[in-house]
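A.B. asks: This structure is in C-alpha cells; I'll ask about it shortly.
This is the structure in C-alpha cells:
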C-alpha cells in the first residue's frame, strides 16, 4: 500500500494542535472525527467507527489538558478521558493491527534537573501528568505504538508575561505539525521539543514586548523550574537540524 494514500484517524481534532494540523497539506487522507462520532470513553462506538474506517494509523491526541486544576478537582473526568479513553483506543488498535501514535507530555518527568532522556525514570509532578502517564501505561503494552512526549505551545505566546528563571523545551504547534508525518512509522518513545531556553527567551522570539518575571522561591503553584528533555533522538531524525 502506498502510505501517501493511507488513512489516518486523528482524535482530538477540535483541540489546539488538531486545529493547526488540519491546515497542513500532508498528502495523507486524514479524518478528524468529532467527539460525537468518536467518543473515546465509549468503547463500542469507538470500535464501530474505527473498524468501519480501517485506518493504517491512529494519532491519539484527544485528552483533557487545561485547566490543569481540573485534574485535581474532578479526577473522575480526568481518569475516564485520559486513562480509560486511551485504554479503549489501545485495545481497538491492537485488535485491528492499527499503528498508534500517542501524544504524551514532558510533564511525566521529574521537575528538578532537566535534560531527561527517554530512558530516564518518570515522576509526574501534577495530576494531569499522572493521567497522561496512565495512558502511556496502556500504550506501552502495545508493540505497534509510538509515544511522543511533547513540549509545545500556541503561537503567538498566550501570556503578557514570561518567566526568566524557568527553562523549557517549547516548540510551537505549527512546527510539530510540519514534521509529524515523518514520524509515523517509528516505534517506542520519542521526546519532542525545541531549544532549551527560558520561557522568557522563547516568548521574546515572537513578542519583543513580553514582560519578564520570575518564579518566586515559595513557588505556590509548584511550577517546575527545569522540566527540559534531551531531544537528541528527535534532532537525529532531522540530521541535527534544530526545530524551534
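Residue numbers (my numbering): -3 to 240. Note that beta-carbon positions come from the ideal geometry of N, C-alpha and C, so glycine has one too.
Once DSSP output is grouped into helix, strand and coil, what is the label at residue 211?
C.D. replies: coil
A.B. asks: Let me confirm a value: residue 132 is counted as buried when at least 16 other C-beta atoms fall within 10 Å, else exposed. Which label applies?
C.D. replies: Label assigned to residue 132: buried.
A.B. asks: Distance check for residue 149 and residue 197, CA to CA, integer angstroms please.
C.D. replies: 14 Å
A.B. asks: Would DSSP call residue 158 helix, strand or coil?
C.D. replies: strand
A.B. asks: Evaluate residue 97 with the Cβ neighbour count: other Cβ atoms within 10 Å of its Cβ, from every protein chain shown; 16 or more gives buried, anything less gives exposed.
C.D. replies: buried
A.B. asks: Return yes when at least one heavy atom of the ligand ATP lies under 7 Å from the C-beta of residue 118, else no.
C.D. replies: Absence of the ligand ATP from the depicted structure is noted, as is the absence of any ligand whatsoever, leaving it without description.
A.B. asks: How big is the Cα-Cα spacing for residue 55 and residue 99?
C.D. replies: 8 Å
A.B. asks: Only counting the same chain, and skipping five residues up and downstream in sequence, which positions put a Cβ closer than 8 Å to that of residue 51?
C.D. replies: For residue 51, the CB contacts under 8 Å within the same chain, skipping 5 residues up- and downstream, are 2, 3, 4, 5, 27, 94 in chain order.
A.B. asks: May I have the straight-line CA-CA distance separating residue 71 from residue 207, to the nearest angstrom?
C.D. replies: 35 Å
A.B. asks: Among 235, 234, 230, which residue has its Cα nearest to the Cα of residue 113?
C.D. replies: 230
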